[in-house]
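Asks:
Protein chains: 2
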Amino acid sequence: MYSGLHAEAPASSPLRRRRQRLGRRLFSLSLSSAGKMLRRRIPQAGHLMTSKSLWMTEVPTEDCDVVVTFPPRTSDDTVEWFMGRIRQRTDLVVAARRHPADNTHRLYVTASTPSLLKWAELNELPKRMKAEHGGGFKEFTLQNANFFEGFEDKDSFLTNQERQSLVLCMINNLRASKGESVAGLKLIEGQAIIPKCLSRGVVAQMFPLHDLSKLKRLNTGWVRAFARRQPLDDVAEYFGVKIGIYFAWLGHYTRALILPSLVGIVYWGKSFRRETQAEDDLWFVLFAFFNVLWSTVYLESWKRRSAELAHKWGTLDTSDELIQEPRPLFKGELQVSEVTGKLELTYPWWRRNVRRYLVGWPLTAACIAGDMFVMWTLLELQFWWEKHTHVWGYGSWTNYFPKILMAFTIGLMENVYKKVAVWLNEFENYRLEESYQNHLIVKLALFQFVNSFASLFYIAFYLQDMERLKKQLGTLLIIRQVVGNIKESLIPFLKGQMKLAQMSFAMFGAVSPSMEEKPKLDASPAPEDGSTSPRSDAGRQARNISQAEIESAMPQYEGTFEDYLEMFIQFGYVILFSSAFPLAAFCALLNNVIEIRSDAFKLCAIFQRPFGQRARNIGTWQDAMEVMGVVGVIVNCALIGMSGPVHRLFPDISTTQTVLLVIVLEHALLLLKLLVAYAIPDTPAWLQAEIAKIEFNRREVHKRSLSFGSSFSSVDSSPQHRGAPAPAAQ
Amino acid sequence: MYSGLHAEAPASSPLRRRRQRLGRRLFSLSLSSAGKMLRRRIPQAGHLMTSKSLWMTEVPTEDCDVVVTFPPRTSDDTVEWFMGRIRQRTDLVVAARRHPADNTHRLYVTASTPSLLKWAELNELPKRMKAEHGGGFKEFTLQNANFFEGFEDKDSFLTNQERQSLVLCMINNLRASKGESVAGLKLIEGQAIIPKCLSRGVVAQMFPLHDLSKLKRLNTGWVRAFARRQPLDDVAEYFGVKIGIYFAWLGHYTRALILPSLVGIVYWGKSFRRETQAEDDLWFVLFAFFNVLWSTVYLESWKRRSAELAHKWGTLDTSDELIQEPRPLFKGELQVSEVTGKLELTYPWWRRNVRRYLVGWPLTAACIAGDMFVMWTLLELQFWWEKHTHVWGYGSWTNYFPKILMAFTIGLMENVYKKVAVWLNEFENYRLEESYQNHLIVKLALFQFVNSFASLFYIAFYLQDMERLKKQLGTLLIIRQVVGNIKESLIPFLKGQMKLAQMSFAMFGAVSPSMEEKPKLDASPAPEDGSTSPRSDAGRQARNISQAEIESAMPQYEGTFEDYLEMFIQFGYVILFSSAFPLAAFCALLNNVIEIRSDAFKLCAIFQRPFGQRARNIGTWQDAMEVMGVVGVIVNCALIGMSGPVHRLFPDISTTQTVLLVIVLEHALLLLKLLVAYAIPDTPAWLQAEIAKIEFNRREVHKRSLSFGSSFSSVDSSPQHRGAPAPAAQ
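Respectively, the protein sequence lines represent chains A and B. Heads up: the first sequence begins at 592 in our numbering, then just goes up one per residue. Heads up: the second sequence begins at 592 in our numbering, then just goes up one per residue.
(1) Counting along the chain, where does the beta strand (DSSP E) carrying T732 (chain A) start and finish?
(2) So does the region 858 to 878 of chain A actually touch the region 1134 to 1144 of chain A, counting three or more Cβ pairs closer than 8 angstroms?
(3) So, is the C-beta of R719 (chain B) closer than 9 angstroms to a C-beta in chain A?
(4) Taking 9 angstroms as the CB-CB cut-off, is L1251 (chain A) touching chain B?
(5) What in chain A is Cβ-close to T1274 (chain B), meaning under 8 angstroms?
(6) Should the region 763 to 771 of chain B be called in touch with the region 675 to 687 of chain B, which here means at least 3 C-beta pairs below 8 angstroms?
(7) Does any residue of chain A bring its CB to less than 9 angstroms from the CB of T1211 (chain B)?
(8) If we define contact as Cβ-Cβ less than 9 angstroms, is I1231 (chain B) a contact residue for chain A?
(9) Grouping DSSP H, G and I as helix and E and B as strand, with all else coil, what is I1136 (chain B)?
(10) Using 9 angstroms as the limit for Cβ to Cβ distance, is I1244 (chain A) near chain B?
(11) Counting contacts by CB-CB distance shorter than 9 angstroms, is A1280 (chain B) in contact with chain A?
(12) Within the 9 angstroms Cβ cut-off, does I1254 (chain A) reach chain B?
(13) Where does the unbroken beta strand (DSSP E) through Y699 (chain A) begin, and where does it stop?
(14) Determine the closest residue to D1190 (chain B) out of B:S1169, B:I1166, B:F1159 and B:Y1155, with distance taken between C-alpha atoms.
(15) Rounded to the nearest angstrom, how far is the Cβ of F1172 (chain A) from that of K1061 (chain A), given a contact under 8 angstroms?
(16) How many angstroms separate the CA atom of A1175 (chain A) from the CA atom of S852 (chain A)?
(17) Please report how far the alpha carbon of W904 (chain B) lies from the alpha carbon of L789 (chain B), in whole angstroms.
(18) What would DSSP say about R766 (chain B), mapped onto helix, strand or coil?
(19) Bridge partners for M797 (chain B) per DSSP, in chain order?
(20) Quick one: using the 10 Å Cβ neighbour count with 16 as the cut-off for buried, is D1120 (chain B) buried or exposed?
(21) Does the CB of H1258 (chain A) have a neighbour CB from chain B at under 9 angstroms?
(22) Quick one: what does DSSP say K1078 (chain B) is sitting in, helix, strand or coil?
(23) So which residues of chain E does W904 (chain A) contact, with C-beta pairs closer than 9 angstroms?
(24) On the criterion of 16 or more Cβ atoms from any shown chain inside 10 Å, does G770 (chain B) qualify as buried, or is it exposed?
(25) In terms of residues, what are the limits of the alpha helix (DSSP H) holding Q1213 (chain A)?
(26) Fully enclosed by the region 818 to 867 of chain A, which alpha helix (DSSP H) runs are 4 residues long or longer?
(27) I think W1212 (chain A) touches I1032 (chain A), with their Cβ atoms under 8 angstroms apart; what is that distance to the nearest whole Å?
(28) Can a CB atom of chain B be found closer than 9 angstroms to the CB of T1000 (chain A)?
(29) With contact counted as at least three CB pairs below 8 angstroms, one residue from each stretch, are the region 777 to 796 of chain A and the region 805 to 813 of chain A in contact?
(30) Counting only runs that start and end within the region 1135 to 1175 of chain B, where is the beta strand (DSSP E) found for 3 or more residues in a row?
(31) Please state the DSSP three-state secondary structure of K718 (chain B).
(32) Nearest to F964 (chain A) by CA position, among A:V927, A:L949, A:M1004 and A:N944, is which residue?
(33) Among the residues of its own chain, which have a CB less than 6 angstroms from the CB of L1035 (chain B), if the five just before and after it don't count?
(34) Mind checking whether Q1161 (chain B) and L1068 (chain B) have CB atoms under 9 angstroms apart?
(35) Are the CB atoms of I1285 (chain B) and G725 (chain B) within a distance shorter than 9 angstroms?
(36) With DSSP as the reference, label K922 (chain B) as helix, strand or coil.
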């Protein structure tokens, strides 16, 4: 069946067997009679109804960091074209294989340790220095390689994730010459070939392979360790700092939710006890205050934690953004850069600003306005419908019609807008991945904010119906989270399983009933030679599938964006309206305890491994949440003003005075928020000292190292004067 | 008459003569008959009534950077004690002299070029690198001295101001040993001796000498060049970057005032034309909007300009604050620092926070509350008085009694509070001069804000009397500026002149009438040998006074603090209430055009030269002004809401609706302000590129320099891969 350029080289190991068991425990679905009916209609459905270990044995792929796959029906010539260019123009080591089942090609890419080290220097990869050379992270240089921790063992000096990131850099640096084209796609001189081909579908996928032993450790110590703290250092090392920061943030946020959950439960509990209205009102106001203060302190404390982590993971100092490498899809003209003096893609900032302010923002604003209009129309329709169906005497199920229409429309608009936003952001042509992401966040967060909260604002401030607000909030909070988890975990998981089953079916045929009844797992070890020939066991085949094949069937991880967005909206529900629905924080807490592990599961088992990315902090999400905090103050004050407590606490007050009182309250709260934020330093004192220490040491080392270079004067360059008393004169 | 350790060494030069002429033109007061009467009573008064050149000839002091003076009646032993310690424990060159007239001692301190260069390195003085070594500013090191611009001529490598700052560092680094004491003052081990003695009056003054030739250039090209742009680079070089930034800011602010002045004049002009009330109201609202927008754009544009200047003057990168030298008066225990590993004064951050939050802030708040209470009482008294004097039929002059009382009380409270604030700030014990200043700014700006604006707020929002507001604002704005200029320039100027006259009288006796009638200026040159013997000219003495003597009679410049404070309050008048008094910006503009030159005159002719200080920007004043901008939005909106335009524009609106409308307007304006601030980058694009270029060059140079040090691998370390296409494969 195999006819590729190389044969797949499956290998068996204790690891594989352990992974099989893991797979069984995690995924096994025991469906029986209903399944049998289905199986007769869809041949490969049998796979999904039996234990995965029966129809698939994972064989680790060796000597490969990154896999590049081509779409079906790609010609051998095209593959050869890529192979040739990679070999000629890069330091990469590449092997090509053809997949037997669907006739697709894959490139297995890796690089030698010396090339990787060279690229670590070119990319200014920060590595930890030995303490005697100043400590802290510093850009790796080959000349000073021995100053870095762990360089004694060159092969394990770079982590698996760093290797893959460097290989990615090398791949992205494969650039087109003048007039080149492949598979009908014309390339512009200087363009990064593979990213361009990926965006046009000439290349199907590019992903780094999992490190199965480390993945297993993460599975036991992270995904399934509900009660334990997350092993964040391992996560950051394995998936990159950006994902590490996401999980650290999610954990920090979840812990921070404990306090408002408790307060919320107490407040909610009080509503069952008979109390005077005045007491109730006072509690309402206090709870709103508490929300505002909590959100401020939480946001500030995260900044401190984030600085700690960035320091620990070596991303606190990032180099000047004009020196950093541009995004692969950044468009520009090749010009001699005034910064580096070399040929570089450049794009004038004013043209970006023209696009941003004359196209980007107006279009975004128009989309949001459109969204608001549609939301308003649908809400009006909903109320009209409710009133008229009562008049017409229709059954209650018809009530759901406008709600379904609304849910459908919202989903549709979200998808359409997302495409528009990505296109606009691409059009604005940001040079760096980071600024690209940050601007995309602003665009999408704004839209999602309107989409998620418009109906609540409508109910709270237009209808002024607090009861309805409570119901709507509870429903939205719970439904969104359930739907979110299904959308982000279950569906991709099932899709991936389906694809694997198809692959197994195509390669080895249907699962036989005998296999299903007598699963003799781990009875006979797989042959060490790694052939794909049928096993000796009667009636069963060694359904060996290589790791690369399995992972290429998995969907691609889209980044932390959707996860942050979900949490951002949740944070909004908690701080905007929780005085109406005090259990919001508790619901969020419950959800997040599961969310942490389900997101971890997603990364470890459902999606392809993502390339590691560096990040100093959570970027624009911090700003977005701070804006949400301010909106929280305004909304809470407005709720206090509207829902009557002021009026009941001070019965003689006029409406104007109420409004003025609420305004004063709002301004005082905003001032308080500002003062709290100002009083809490963004970097903890110990970390400041630590950073200063590293900087000081580095200067000392630098001074010492310079004294070898030139010698102008023999002045003692290690000053002893810093505050120490001079020798006594007596 | 001379009996000091050295004799004064006066010298004559064309420069001196030119300075005499300058002095005459600037200061000469021609008083005649009334003066003669006065002269009979106060002997030295004669000096003040005649041209200064008659009773004083300035002789430049050579070979001296910094002068330290002792109070009268300091014993020779004390002076010897200081001399000995300076000679033993520092690299300074010191000479002592006794002043003949009042028997006071002075130390003339300087240092050799090699010691200064050594200290330039120890203090990490940033100097400009040669272009071939990366360009931009970098901390000076002796080893790489030849990489810096202008090092070929070692003696002129450091500017006069840099020399003096380094000498100051060396003086401040003269630290006490265990158990030392001088003139009854016990010193703590490790304490900076001279700053401590200065603060306790054991040492009277310490100031750097003027560079007379450069001073003259500044006089012609800056102080008296009203129509010309300020020579900011020269100012920053001569007085240090901190003062340079102040004048740059003042100039930028003054230019920025042109636009609101013009708009204000147009708006004010319209009030004379008969227009409908509706049109008037619309203009009122538009003018308030304009104010808000202008202040935002102005504040943002200053940030950009500030970044440019800091880059040009080498203060953009300041080293980590925990590495910087502490303030001389910083108190702490000598401990091995965890940052530098050396003995350093340390003070735990939590103790500072305890002092700040448990003592500093509550006391500040109490002072401000007390101030508000006193202001309110006085205002109430004033109105009560006005009503009752009408009833009693007293003359109109009695109306002024409470106003005088108020002015007097305000002045008194300002002075008392200033002492409290300085004491509190000292008590909070900030480690760095910069943070000390910033916290002092916050304390004083808050208080001054209340002191300056309380009466206006009272009139605008409590009395709601717009006519009275206009009058009060105009009066305050003009009186404050006139009084301010008298207080800050005229009084110190007269005091200095008086002191000089006393000195001349004590040294040479009264001015004889013959001299007064026949001033033969510059007729005979002063003797070159520098003796103070009577001149050959009959009836006249060579009234030679050395530069050091003259400058020690001048008052000390207290720093830019008062100047900023004055401008901060002025900015407040302009943006808070100018919709009530549209000519506020124009008054401010007129004042500032003069203020620039009078501040320049102050620095060049009235006060002692200050030590140069470094600054990256205007520090907390920027924040203070941004807060003022936000307060401006609130106040302007409140004025719009209160003074009726909304009600007249929409006659059917209810009071509650008016308030709501104003609130929405306020929030919209604040949002707009935020968006404008966000859209204008704090660093201009060209400067970003420039900074990145320097950083890039430096890395390249660094990589090259490292390749001499060790040699692990011979990999090409000048990457050619940055976006440039790889060689074509064809």
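From the three backbone atoms N, C-alpha and C, an ideal C-beta is built for every residue, glycine too.
Replies: According to the structure data:
(1) It is not in any beta strand (DSSP E) - T732 (chain A) carries neither H nor E in the DSSP assignment.
(2) No, they do not touch.
(3) At a cut-off of 9 angstroms, the C-beta of R719 (chain B) has no neighbouring C-beta in chain A.
(4) It does; some Cβ of chain B falls within 9 angstroms.
(5) Within chain A, not a single residue places a beta-carbon under 8 angstroms from that of T1274 (chain B); the smallest gap is close to 11 angstroms.
(6) The region 763 to 771 of chain B is in contact with the region 675 to 687 of chain B.
(7) Taking Cβ atoms only, chain A never reaches closer than 9 angstroms to T1211 (chain B), which makes this a no.
(8) The beta-carbon of I1231 (chain B) is placed no less than 9 angstroms from the nearest beta-carbon of chain A.
(9) In the displayed model, I1136 (chain B) falls within a strand according to three-state DSSP.
(10) For I1244 (chain A), no CB of chain B lies under 9 angstroms from its own CB, so it is not counted at the interface with that chain.
(11) Output row for A1280 (chain B): interface = yes.
(12) Chain B, which has a Cβ nearer than 9 angstroms to the Cβ of I1254 (chain A), makes this yes.
(13) Where Y699 (chain A) is concerned, the enclosing beta strand (DSSP E) starts and stops at H696 to A702.
(14) With distances taken between Cα atoms, D1190 (chain B) lies closest to B:Y1155.
(15) F1172 (chain A) to K1061 (chain A), Cβ: 5 angstroms. Contact.
(16) Taking the straight line joining both Cα atoms gives about 8 angstroms.
(17) In this model, W904 (chain B) and L789 (chain B) are separated by some 30 angstroms (Cα to Cα).
(18) Reduced to three states, the DSSP call for R766 (chain B) is strand.
(19) M797 (chain B) is bridged by DSSP to B:V659.
(20) Here the model assigns D1120 (chain B) a pLDDT of 38, short of 50, so the residue's position is not dependable and the matter cannot be decided.
(21) Judged by the 9 angstroms Cβ criterion, H1258 (chain A) is in contact with chain B.
(22) In the structure shown, K1078 (chain B) adopts helical secondary structure according to DSSP, grouped into three states.
(23) Protein chains A and B are contained in the structure displayed, whereas chain E is not.
(24) Under this definition G770 (chain B) is an exposed residue.
(25) Boundaries of the alpha helix (DSSP H) harbouring Q1213 (chain A): T1211 to M1233, taken from the DSSP string.
(26) Whole alpha helix (DSSP H) segments, 4+ residues: 823 to 830 and 832 to 861.
(27) That belief holds up - the Cβ atoms of W1212 (chain A) and I1032 (chain A) are roughly 6 angstroms apart, short of 8 angstroms.
(28) No, its Cβ sits nowhere closer than 9 angstroms to a Cβ of chain B.
(29) Here the region 777 to 796 of chain A does not lie against the region 805 to 813 of chain A, with fewer than 3 beta-carbon pairs under 8 angstroms apart.
(30) Within the region 1135 to 1175 of chain B, the complete beta strand (DSSP E) runs of at least 3 residues are 1135 to 1137.
(31) In the structure shown, K718 (chain B) sits in a strand (DSSP, three-state: E or B).
(32) For F964 (chain A), the closest C-alpha among the options A:V927, A:L949, A:M1004 and A:N944 is that of A:M1004.
(33) Closer than 6 angstroms at the Cβ level, and outside the excluded window around L1035 (chain B), lie A1012.
(34) Taking 9 angstroms as the Cβ cut-off, Q1161 (chain B) and L1068 (chain B) qualify as a contacting pair.
(35) Yes. Within cutoff.
(36) Collapsing the DSSP output to three states places K922 (chain B) in coil.
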